[in-house]
Amino acid sequence: MEIRNIAIIAHVDHGKTTLTDAILSQTHAVDTGISMDSNALEKERGITIYSKNASIIYKGTKINIVDTPGHADFGSEVERVLRSIDCVLLVVDAQEGPMPQTRFVLKKSLALGLRPILVINKIDKPASNPDHVHDQVFELFSELGATNEQLDFPVIYAIGRDGIAKKNLSDDSKDITPLLDMVLSHVPVASGKENEPFRAQPFNLAYDNFLGRLAIVRVYSGTLAQGATAYVKKPSGQVIKGKITKLFTFSGISRVDAEAITAGDIAIIAGLPDAYIGDTIADAPEGEHLEAIAIDEPTIELTFLVNNSPFAGREGKFVTSRQIRERLEKELEVNVGLKVDFDSASGGGEQFTVYGRGELHIAILIENMRREGYELQVSQPHVIMKTIDGVRQEPFEEIVVDVPSELQGIVIEKLSARGAMMQKTHMHEKRILLSFEGPSRGLFGYRNIFIIDTKGEGILATRTVGYRPYAGEIAHRETGSMISQATGKAVAFALDNLQNRGTLYIKENTEVYEGMIIGNTTKGDELTVNPLKGKQLTNMRASGSDEAIRLVPPHILSIESGLEVMADDEYLEVTPKSVRLRKKFLTENDRAKARRKE
């Protein structure tokens, strides 16, 4: 059977997974209603976090499909996937056009010599403009140095939600088959080298409690049977021998046992605990290596600590440093964009430095840990600085903002204050597209502000563009912290008085402790308050003194918003049921002593 391997790449929310689900449903690979985004967090957030494999049979040809994340924090997943396939479906929104992540993934695929198929999706949107988007994508191809063959890309127009694809806008179509026919005619055949020596390369990792590390590989040549001896060749030249204990291929979104895997297959290999992304797996110790896969370096760092707050151990099952360490070691098995420095542990080995690709990347890890029953504290994230040629440098990001034109002023003002420089603008309809470049640390805490400033109508997208000279000091916080000075249950009477000073993070009857941050102050100064203070009861009554208390709904902290608003002298306490901000030093005396030492 012929095999074709494709990946679906796009900016976040342009319709990759919806399109993949339509393909799987219409080829009867899965039941209607089953989605590739099967993880609980993916369903809640409506984004793809982990790249996933699927397989369909169409007109006697097996088509392996890899669905990739669209968010920049998971860009390292996309880079690895592109090495394992022969063609990409570049999905672009018919209204928004190419966005930063579109540029990022397209640049990578063009550099690998792939010839993309352009899918202009969501053509049923009221403000869609497929012809203009087609021209924009062509300009992007030219700008990124595409060859003449790559510039001659085929185009498919689609409504992924309805499962419709067409070659021309005027065509009548009821299903997705025009897209699948295009795949058969445009994508090179992956199979055909079954008689050559076996060579495969892992592009992703998984973990099974019974089988151990699983390598998800693209087989480039030869055949490998279950129970055979295989050799893992490291880029350093080291060769490690192993025995294949289990082989899987994909059928629909399920993995199925296989007796053997052959050239062209995307498969899972168990039994090679030392296999890592970019290694070469072969059936003989000699022979050439496949080109290694480079993985982008992390851009932010923060510290994971054992929870030592007064409420520690109330909700979590796993609370010790040993348990947190084991969980991070397990995460490193599959999360290749993550790095952990266990040697940085100090104070009895109760803290670890974690390096990630962005705030969302780290927040997803913390969210998964809390759902599994872990309790921990994390420090404020910082960007990773580097010294290049004697110059201190920091990561910069391209920032693309799409907002109603009347709101551009506040966005430009806020981003400029955070060190971003405007590169270009483009008006379309009643909206304006603004492009900036600025330091990554300037964006910490900005996303929530952006949503409020644009009344929820703005679109903000970013991608890392590399290291540039240090941009100087940036003032992040315009607000201060409202700190509880007592331990107990917060009362509505006290909160009614405090809500005039800023934004509260807690509701009435919430348990608080000394040193816990219960809100922010608009003046920008730290304020120590007593949220337990009740109304003074006397026998005297006066008209107007018994007015009803009206509390404004509080801003309940999530992990992401907590990471954004926290200061350098604070920890974010995360437990299975609660997210709290607290000062590193809980009492006023301890904080005063710490300030004197600085």
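Here the sequence shown stands for residues 1259 to 1856, where the numbers follow my numbering.
Glycine included, C-beta positions come from ideal geometry on N, C-alpha and C.
Treat the numbers as computed from the prediction; the structure is a model and nothing was measured.
query                                                                                                                                                                         : result
For H1640, does the three-state DSSP call read helix, strand or coil?                                                                                                         : strand
Would you mind listing the beta strand (DSSP E) stretches within the segment 1685–1710 that are 3+ residues and don't spill past its ends, in chain order?                    : 1689–1697
Which residues share a DSSP beta bridge with P1436?                                                                                                                           : DSSP, once it has assigned bridges, lists no residue as partnering P1436.
Short of 8 Å in beta carbon distance, which residues of its chain neighbour E1687, apart from the five on each side in sequence? Order them along the chain.                  : A1385
In chain order, what residues of the same chain lie with their CB nearer than 8 Å to the CB of S1663, ignoring the 5 residues before and after it?                            : M1685, K1688, R1689, I1690
Can you list, in chain order, the residues of its chain with a C-beta nearer than 6 Å to that of Q1635? Leave out the 5 residues immediately preceding and following it.      : L1563, N1565, Y1829, E1831
DSSP puts R1476 in a beta bridge; with which residues?                                                                                                                        : Q1459, I1524
Who are the Cβ neighbours of I1381 in its own chain at under 8 Å, not counting the five residues just before and after it?                                                    : A1352, P1388, Y1415, A1416, I1417, L1427
Starting from P1662 and walking both ways along the beta strand (DSSP E), at which residues does that stretch end?                                                            : 1649–1662
Going by DSSP, what residues sit across from Y1489 in a beta bridge?                                                                                                          : K1499, A1540
Relative to the alpha-carbon of R1476, which residue among G1522, K1274, E1822, V1770 has its alpha-carbon at the smallest distance?                                          : G1522
By alpha-carbon positions, which one of I1553, M1357, D1754, T1761 ends up nearest to T1779?                                                                                  : T1761
The beta strand (DSSP E) that contains D1351, what's its start and end?                                                                                                       : 1345–1351
Taking all protein chains shown into account, do 16 or more other C-beta atoms lie within 10 angstroms of the C-beta of Q1496, making it buried, or fewer, making it exposed? : exposed
So, are the CB atoms of L1560 and Q1666 less than 8 Å apart?                                                                                                                  : no
Please classify A1287: is it buried, with 16 or more other beta-carbons within 10 angstroms of its beta-carbon, or exposed?                                                   : buried
Taking DSSP as the reference, what is the three-state secondary structure of K1424?                                                                                           : strand
Within 8 Å, do at least three Cβ pairs link the segment 1508–1522 to the segment 1444–1464?                                                                                   : yes
Cβ atoms of K1793 and N1767: under 8 Å apart, would you say?                                                                                                                  : no
Cβ atoms of A1265 and I1375: under 8 Å apart, would you say?                                                                                                                  : no
Would you give the residue range spanned by the alpha helix (DSSP H) that F1854 belongs to?                                                                                   : Per the sequence shown, residue 1854 should be read as Arg rather than Phe. R1854 -> alpha helix (DSSP H) spans 1846–1855.
At the level of alpha carbons, what is the spacing between Y1725 and L1692?                                                                                                   : 22 Å
Just list the residues that DSSP pairs N1680 with in beta bridges.                                                                                                            : The sequence as given places Met at residue 1680; Asn does not occur at that position. Note: M1680 sits in a beta bridge opposite F1694.
Can you name, in chain order, every residue of its own chain whose Cβ lies under 6 Å from the Cβ of L1718, other than the five neighbours on each side?                       : V1659, F1708
Round the Cβ separation of F1576 and N1311 to the nearest angstrom and send it over; I've been treating them as touching at under 8 Å.                                        : Rounded, the Cβ-Cβ distance is 31 Å, inconsistent with contact.
F1610 and R1583 look like a contact to me (Cβ under 8 Å); what is the Cβ gap, rounded to whole Å?                                                                             : 7 Å
Do K1672 and D1647 have their C-beta atoms within less than 8 Å of each other?                                                                                                : no
Roughly how many angstroms separate the alpha carbons of G1571 and E1633, rounded to a whole number?                                                                          : 7 Å
Pull up the DSSP beta-bridge partners for G1470, would you.                                                                                                                   : D1466
To the nearest angstrom, how far is the alpha carbon of E1401 from that of R1580?                                                                                             : 50 Å
Give me whichever residues DSSP pairs with I1717 in a beta bridge.                                                                                                            : D1660
Look at the alpha carbon of S1479 and the alpha carbon of R1585, and state the distance between them as a whole number of angstroms.                                          : 36 Å
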